[in-house]
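J.:
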Amino acid sequence: MSGPPPDATLRWAEHDDGLLDVHLPGGRLPARTAGVVFLVHGGFWRAAHDRRHTRPQARALADQGWVVATPEYRRVGAGGGWPTTGSDVRRALDVLPELLGRIGVRSGPTWAMGHSAGGHLALWLAATGAPLDGVVALAPVADLAEAHRLHLGDGAAAALLGDHPTDEADPALLLERRPPYDVRVVHGSADESVPLSLSRGLVGRHPWVALTELTCDHMSLIDPASDAWPTVLRQLPPAP
Numbered sequence: 004m005s006g007p008p009p010d011a012t013l014r015w016a017e018h019d020d021g022l023l024d025v026h027l028p029g030g031r032l033p034a035r036t037a038g039v040v041f042l043v044h045g046g047f048w049r050a051a052h053d054r055r056h057t058r059p060q061a062r063a064l065a066d067q068g069w070v071v072a073t074p075e076y077r078r079v080g081a082g083g084g085w086p087t088t089g090s091d092v093r094r095a096l097d098v099l100p101e102l103l104g105r106i107g108v109r110s111g112p113t114w115a116m117g118h119s120a121g122g123h124l125a126l127w128l129a130a131t132g133a134p135l136d137g138v139v140a141l142a143p144v145a146d147l148a149e150a151h152r153l154h155l156g157d158g159a160a161a162a163l164l165g166d167h168p169t170d171e172a173d174p175a176l177l178l179e180r181r182p183p184y185d186v187r188v189v190h191g192s193a194d195e196s197v198p199l200s201l202s203r204g205l206v207g208r209h210p211w212v213a214l215t216e217l218t219c220d221h222m223s224l225i226d227p228a229s230d231a232w233p234t235v236l237r238q239l240p241p242a243p
């Protein structure tokens, strides 16, 4: 997918992937405190996939009144892997209010939204106590042990984890610590990249996680032109 360029690109760290794109509502600075979507891209945590493919999604969310911040992070094949990949995403979130303040945005309620591997990272943020107001995970790799067993993404989970135990990064285990906000999952029954069974398994373990099942494939959930997109939007509250 390709889409309009961001309204700003900010640096959150000095390494090559320490960048964060910002899409503003209407392309303008909000006049008041703004709701923020911290949008984490997917791609099975591999360096071949970066944040640019989320630009149509980011712009569509900004058109709903949100300030959308899309971080880059170090991925497998470019200095990433666990725990670096996770700590990059958490660090970008932690400095986000300061970064947005530099361009005149006053951050308000902040939701994390992630797709596929980005959905895994969004769930991991929730499971590790990240300061958020809610999480929306779209077709997430919600169970790393199961992803490894199924050899999803040609062994993507094993490539991510290396020698690190699965339970350090696995939302299916870590969400025993329920965060003080909603966690919502949307998954398509026609998803051939990340099976719906992973999200069903997550909700089976943690019934307080809300799961919406759609008849769609993996990429429809980040396509603003798809029939699935209105359901994705409904997972977020109205922008303040």
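Position 95 (the sequence shown) corresponds to 98 in my numbering; numbering is contiguous.
Quick reminder that beta carbons are idealized off the backbone N, C-alpha and C, glycines included.
1. Could you give the residue range of the alpha helix (DSSP H) that holds G45?
2. DSSP state of L32, grouped into three classes?
3. Checking 8 Å against the spacing of the C-beta atoms, do V40 and S119 come in under that value?
4. Kindly confirm or deny that the region 181 to 190 and the region 136 to 154 touch, where touching means at least three C-beta pairs closer than 8 Å.
5. Count Cβ pairs between the region 156 to 168 and the region 205 to 223 that sit closer than 8 Å; are there 3 or more?
6. G104 to S110, Cα distance in whole Å?
7. Which class does G89 belong to by DSSP, given the choice of helix, strand or coil?
8. Could you say which of P7, L32, L22, G204 lies nearest to I106 if we only look at CA atoms?
9. Give the range of the alpha helix (DSSP H) segment to which L164 is assigned.
10. Please classify E75: is it buried, with 16 or more other beta-carbons within 10 angstroms of its beta-carbon, or exposed?
11. Classify S200 as helix, strand or coil using the three-state DSSP reduction.
12. Starting from the Cα of V235, find the closest Cα among S223, A242, P243 and give me that residue.
13. Given P182, which residues of its chain have a CB within under 6 Å of its CB, disregarding the five upstream and five downstream residues?
14. Could you tell me the boundaries of the alpha helix (DSSP H) in which A252 lies?
15. In its own chain, which residues sit with a C-beta less than 6 Å from the C-beta of A63, not counting the 5 before and 5 after it?
16. Is it true that the CB of R49 sits closer than 8 Å to the CB of R78?
17. CB-CB under 8 Å to T88, same chain, minus the five flanking residues each way: which ones, in chain order?
18. Helix, strand or coil for S110 per DSSP?
T.: To lay it out plainly:
1. From DSSP, G45 is part of no alpha helix (DSSP H); its letter is neither H nor E.
2. coil
3. no
4. yes
5. no
6. 8 Å
7. helix
8. L32
9. 159 to 164
10. buried
11. helix
12. S223
13. A129
14. No answer is possible for residue 252: the residues shown for the chain start at 4 and end at 243.
15. P227
16. yes
17. W48, Y76, R77, R78, V79, L124, L163
18. strand
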